[in-house]
Structure formats: C-alpha cells, structure tokens
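Read the structure below first, then the notes.
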Ligand SMILES: Cc1cc2nc3c(=O)[nH]c(=O)nc-3n(C[C@H](O)[C@H](O)[C@H](O)COP(=O)(O)O)c2cc1C
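Residue numbers (our numbering): 6 to 330.
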C-alpha cells in the first residue's frame with residue numbers, strides 16, 4: 006500500500022513524499038512578469054512549513070500573446086531567468102522540488118492584457134471571457150506556439166526548476182484544442198478524434214523534450230472532462246492519457262476542463278477521482294490528483310484507496326502554509 010511519506014521517482018527525479026502544492030496564481034509578479042520578493046517569500050514559507058515534496062509554481066505565460074491576467078509570472082524571455090533562479094534556490098534550500106507550470110491562455114488572453122488579438126483553435130469565445138472572439142490559429146501559428154513552449158521549458162530548466170508542467174486545463178489554449186466545446190476545426194487538429202484533439206499537445210511534448218534533454222521531467226495538467234453536454238468525457242480523458250504517455254509525458258495531473266477546477270455537484274476530497282482512477286488503470290506513469298483535499302489524513306485515504314500516486318493540496322495551502330499542523 007502507498008503512503009504519503011513514501012518517496013516517488015518521476016523520470017530521473019525522486020520526490021521525498023507524495024504531497025504536492027499545485028499551481029495557484031498569486032497574481033503578484035511585477036509588470037515585466039518577474040517574480041517579486043513577496044512571491045518568493047510566499048513559496049519559501051510553503052516549502053518550509055507545508056510538508057510537501059513538490060511545488061508546481063503558478064502558471065507562467067510562454068509568450069505575451071498567451072498572458073491571462075496582470076500580475077502573472079512570465080517565462081517568455083531570457084531576462085526572467087535570474088528572478089526565477091532566486092525562487093528555485095529558496096525552495097530547494099527547504100529540501101522541496103519545484104516544477105514550473107507553462108501556459109498559453111488562448112481565447113482567454115484578451116487584448117486588454119496582451120495588446121494583441123486573442124487566438125484559439127476556432128472562433129469560439131472562452132466561457133468565462135466572452136468579450137472578444139478569438140481568431141482561428143493557422144497551422145503555422147500552432148507550430149510557433151509549440152516552439153514558444155519549448156523555449157520556455159528550456160528557460161525553466163536554466164532557472165533551476167526540476168521539471169515543467171504543461172497547462173492543458175481550466176479552459177486554456179491546449180485545453181481548448183482538447184475540448185469539442187472550443188475546437189471546431191476541420192484539419193488534423195480538429196475534434197473528430199481524440200488523437201486529433203491531442204495532436205498539438207504531442208507536438209509540444211516532443212519539442213519540449215528536444216529542448217530540455219532526456220533528464221528533465223515533463224508533466225501535463227489535463228482538463229480531462231468538461232462535465233457538460235458536447236464536451237470532453239471521462240472516456241476521452243483516458244484515451245488522451247494513453248496517447249500523452251506514448252509521447253513521453255512523465256506525470257499526468259488530472260483536473261477539470263473548460264469549466265475550471267470544479268466538478269459540478271462535488272466538493273469531497275479527491276473530487277476528480279472519477280478521472281484519476283480509470284487513468285491510473287490505463288497508464289504506467291504516475292498520476293497526480295488535486296481537488297477538495299484539506300487534511301493529510303484525507304490525502305492518505307486517497308492514496309490507500311489507489312486513487313492516485315500523488316495528491317495535490319491547493320486552497321488549504323494557499324490560505325495557510327501551516328495547514329498540516
Ligand atoms: C487562487 C487560485 C489560483 C489558481 N491558479 C492556477 C494556476 O495558475 N494553474 C492551474 O493549473 N490551476 C490553478 N488553480 C487551481 C488549483 O491548482 C487547484 O486545482 C484548485 O484549487 C482545486 O484544488 P484544491 O481543492 O486543493 O484547492 C488555482 C486555484 C486557485 C484557488
């Protein structure tokens with residue numbers, strides 16, 4: 006039986022335990038997207054007191070075109086590296102590992118934030134940002150964004166991160182390609198098959214792998230189900246997970262899709278276990294389950310019941326670094 010205090014190896018990286026702080030935007034970066042002292046001490050305090058083995062830092066935009074909101078951290082240019090280096094050093098000093106979450110918000114990246122028109126798989130408004138219609142991305146633009154992910158991952162590696170997490174959840178760009186609610190394309194990236202819906206993801210994974218080399222874990226946060234008629238289903242999530250594993254992802258972090266990190270009608274510890282249990286049965290790589298956990302005892306039960314290999318604790322840690330005391 007697996008316990009919270011058991012170490013786990015993800016590719017070449019061994020974590021001291023199975024508790025993870027999932028990405029949560031503080032929105033406190035400066036106007037260049039640099040990590041500020043305030044952000045640094047927030048993470049350092051959690052590394053010190055929250056009893057976690059891994060922190061996945063808040064979503065960082067890989068290019069201004071994909072910036073979701075003011076105060077978001079940037080991984081879009083080399084000049085951010087020193088500020089992230091300070092952050093990773095302070096987390097490592099507490100014996101905790103750290104991944105950077107990399108993101109492009111697609112149709113949720115509005116021109117009032119980015120200074121440029123939003124893009125997405127199709128001209129479909131984001132469910133939570135209906136003010137501006139995105140332009141359908143050309144294949145050339147898809148390749149360009151793939152390259153931005155790769156460059157951002159390399160920056161994260163140079164800044165001392167132990168791995169990266171690709172953000173394909175909560176209605177952001179990669180999730181928009183995965184979800185038939187947002188993807189109406191008629192080309193090979195369209196919604197006709199699950200394989201098409203994760204083609205972009207698989208190209209990103211390969212490009213990131215090429216950029217960072219073999220000894221660097223790549224996680225992917227999958228918004229596996231939209232919980233809405235016509236959206237992604239649990240079956241889609243399982244099929245996609247298999248394909249993502251084949252492309253070389255080292256860790257799958259399961260959560261909700263176009264409607265965000267909630268599952269309608271559920272708030273119990275591990276409320277995305279409807280995704281993590283079948284995915285765990287379908288892949289060989291570790292599965293991380295986040296949602297609804299507020300005590301170490303709840304996390305322990307989810308591991309004992311075989312719901313996942315690692316457990317994320319978000320809001321409880323966000324509110325209180327000493328959540329587990
Ligand atoms: C303030 C806040 C910011 C968040 N920012 C991100 C983010 O940057 N990237 C992401 O993938 N999820 C983000 N999330 C979702 C969390 O990672 C997590 O899935 C959610 O809080 C549910 O887990 P919990 O019940 O343990 O809090 C955010 C959640 C909150 C509350």
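The beta-carbon is built from N, C-alpha and C at its ideal position, and this holds for glycine as well.
Check, Outcome
"Paired residues, beta bridge with residue 263 - DSSP", "Answer is none; residue 263 lacks a bridge partner."
"Bounding residues of the beta strand (DSSP E) (the contiguous stretch that carries residue 286)", "Premise fails: residue 286 lies in the alpha helix (DSSP H), 278-287, not in any beta strand (DSSP E)."
"Length-filtered (4 minimum) alpha helix (DSSP H) runs lying within the segment 284-324", "301-309, 320-324"
"Inter-stretch contact (C-beta, 8 angstroms, three-pair minimum) for the segment 311-329 and the segment 11-28", "yes"
"Given residue 326 as reference, the closest of 299, 314, 305 once Cα atoms are compared", "299"
"Option in 175, 190, 76, 171 with minimal Cα separation from residue 128", "190"
"Residue 63 Cβ short of 6 angstroms to ligand 1 heavy atom set", "yes"
"Proximity test, residue 75 beta-carbon vs ligand 1 heavy atom, cut-off 6 angstroms", "no"
"Pair within 7 angstroms by beta-carbon distance, residue 95 and residue 130", "no"
"Selection from 112, 110, 93 that minimises the alpha carbon distance to residue 103", "93"
"Contact under 7 angstroms by Cβ, residue 70 with residue 119", "yes"
"Rounded C-alpha distance that separates residue 324 from residue 16", "31 angstroms"
"At least 3 beta-carbon pairs within less than 8 angstroms: the segment 255-270 vs the segment 224-236", "yes"
"At least 3 beta-carbon pairs within less than 8 angstroms: the segment 140-149 vs the segment 272-287", "no"
"Assigned secondary structure, residue 130 (DSSP; H/G/I helix, E/B strand, else coil)", "coil"
"3 or more residues per run - each beta strand (DSSP E) lying fully within the segment 141-211", "168-173"
"C-beta neighbour in chain E for residue 255, strict 7 angstroms", "This model lacks chain E altogether; it includes just one protein chain."
"Check whether residue 64 and residue 206 have beta carbons under 7 angstroms apart", "no"
"Alpha carbon of residue 12 to alpha carbon of residue 117, nearest angstrom", "44 angstroms"
"Residue 192, buried or exposed, once every other Cβ within 10 Å from all chains shown has been counted against 16", "exposed"
"Beta-carbon spacing of residue 224, residue 258 below 7 angstroms", "yes"
"Residue 29 Cβ short of 6 angstroms to ligand 1 heavy atom set", "yes"
"Alpha-carbon spacing of residue 43 relative to residue 198, whole angstroms", "45 angstroms"
"Residue 279 versus 9, 288, 294, 76, residue with shortest Cα-Cα distance", "294"
"Per-residue DSSP class, three states only, for residue 102", "strand"
"Cβ-based burial, residue 75 [other Cβ within 10 Å; buried from 16]", "exposed"
"Own chain residues within Cβ distance below 7 angstroms of residue 24, not counting five before or after", "9, 56, 57, 58, 304, 316, 318"
"Among 245, 51, 165, nearest to residue 182 - alpha-carbon criterion", "245"
"Status (buried if at least 16 other CB within 10 Å, exposed otherwise) for residue 78", "buried"
"Beta-carbon proximity of residue 217 to residue 158, cut-off 7 angstroms", "yes"
"Among 33, 34, 83, nearest to residue 153 - alpha-carbon criterion", "83"
"Under 7 angstroms between C-beta atoms of residue 67 and residue 109", "yes"
"Span separating the alpha-carbon of residue 138 from that of residue 238", "25 angstroms"
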